[in-house]
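Numbering (the numbering used here), first residue to last: 22 to 391.
What follows is the structure in structure tokens.
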């Protein structure tokens, strides 16, 4: 990540800190928990770290394993933690600097850490859990480009993996082949923490089913929900294919979902509510008679994490803004029969939205016809 980008983000963070009357802010990373926000604000991508940011300094605390990496990835002043656990080291650093009011992310810390370490200092600790996520929500051109490049790799890798499908191939084999093609195409990885969703036949009714040793049989409809990471940013895509001739009902549902997806995409714009965009797709599915079979929200934000703000859902209170990147993923799931879902990623622009994952190929593909 370019250091000028990092400095620009820190400047915006300081403005938020000043408005909240915080002399400093600390951010912790424990075994990768919260590593995305650390990456965003400092450039560092290790599994253990703390950031201390005040009005004039940016300090990165990590251990000896990451000393060289931290210096390469971040412009922050580096301090190597020794002798005591990370949270105790940072608590002492805060006390030694005499900060009276410090922001911290209570949502990212265990209760015992707060009560047994932080609150035993003389510092007034203020919850700042919303500050960095509020900055991360709006994606700049470089962030959108990373997701767009991830989408290009996703499409190419999926096409290559499809060319290997055969009757008898298992869900797990297909997932492995897809991940192989993704990494061979130059991506860092798939999703950061999860396996892909690969469900075939009746298992398609499992919205979040994981790949198993179930073999593909003629007539199976297969749903594949997968992602690609480029420069730390992820795309999130869902496609469907049929093993041999597609079932009539699968083709019908596929067309319903394409219509629901496209109409919802047209509704994306600044000022639109997440609830209203969800309602656009939900109406198409309801009018087709499948209201009870669309069992989740329409979409979610994504970027450094697969699930970020804002949400597109009948429960959402979010209002879209230019720079939001969201998924649109309507699905229909029928127990005992199967299901399909179609997903692409969009950035909200000043005048509407732009697809970042090449949504011109949402049709139900037919493979392994022989």
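Virtual Cβ for every residue (Gly too), placed ideally from N, Cα, C. Predicted, not measured: the structure shown is a model, and the values here were computed from it.
What's the gap between the Cα of residue i and the Cα of residue j?
i	j	result
residue 167	residue 252	6 Å
residue 122	residue 329	28 Å
residue 292	residue 372	11 Å
residue 358	residue 319	22 Å
residue 174	residue 88	32 Å
residue 343	residue 335	21 Å
residue 222	residue 273	16 Å
residue 183	residue 260	11 Å
residue 385	residue 181	16 Å
residue 245	residue 315	17 Å
What did DSSP end up calling residue i once you bin it into helix, strand or coil?
i	result
residue 389	coil
residue 236	strand
residue 261	strand
residue 273	helix
residue 205	helix
residue 373	strand
residue 307	helix
residue 220	strand
residue 199	helix
residue 228	coil
residue 322	strand
residue 248	strand
residue 89	helix
residue 293	coil
residue 58	helix
residue 107	helix
residue 341	coil
residue 98	strand
Throw me the rounded Cβ distance for the residue i and residue j pair, which I believe falls under 8 Å.
i	j	result
residue 24	residue 96	4 Å
residue 91	residue 79	12 Å between Cβ atoms; not a contact.
residue 228	residue 352	7 Å
residue 45	residue 26	The pair is not a contact, with the Cβ atoms about 22 Å apart (cut-off 8 Å).
Is the CB of residue i under 8 Å away from at least one CB in chain C?
i	result
residue 363	Among the protein chains of the structure shown there is no chain C, as only one such chain exists.
For residue i, report the span of its beta strand (DSSP E) as first-last.
i	result
residue 154	Looking at the DSSP string, residue 154 is not in any beta strand (DSSP E); the run it does join, the alpha helix (DSSP H), is 152-158.
residue 177	Here residue 177 belongs to no beta strand (DSSP E); instead the alpha helix (DSSP H) covers 162-183.
residue 79	79-83
residue 347	346-349
residue 71	69-75
residue 135	Unbroken run through residue 135 is the alpha helix (DSSP H), 132-137; no beta strand (DSSP E).
residue 122	122-125
Along the chain, where does the alpha helix (DSSP H) that runs through residue i open and close?
i	result
residue 363	Note, residue 363: premise wrong, no alpha helix (DSSP H); not H, not E.
residue 335	It is not in any alpha helix (DSSP H) - residue 335 carries neither H nor E in the DSSP assignment.
residue 51	Where residue 51 is concerned, there is no enclosing alpha helix (DSSP H), although the beta strand (DSSP E) it sits in stretches over 45-51.
residue 145	Element bounds for residue 145: not the alpha helix (DSSP H) but the beta strand (DSSP E), 145-148.
residue 24	24-40
Specify whether the stretch 295-306 and the stretch 258-267 touch according to this definition: at least 3 beta carbon pairs, one from each stretch, less than 8 Å apart.
no
Could you say if the stretch 280-295 and the stretch 364-381 meet the contact criterion of at least three C-beta pairs nearer than 8 Å?
yes
Taking one C-beta from the stretch 188-196 and one from the stretch 234-253 each time, how about it: are there three or more such pairs within less than 8 Å?
yes
Evaluate the contact criterion for the stretch 53-60 versus the stretch 197-204: three or more CB pairs, one atom per stretch, below 8 Å.
no
Counting pairs of beta carbons, one from the stretch 212-222 and one from the stretch 241-250, are three or more of them closer than 8 Å?
yes
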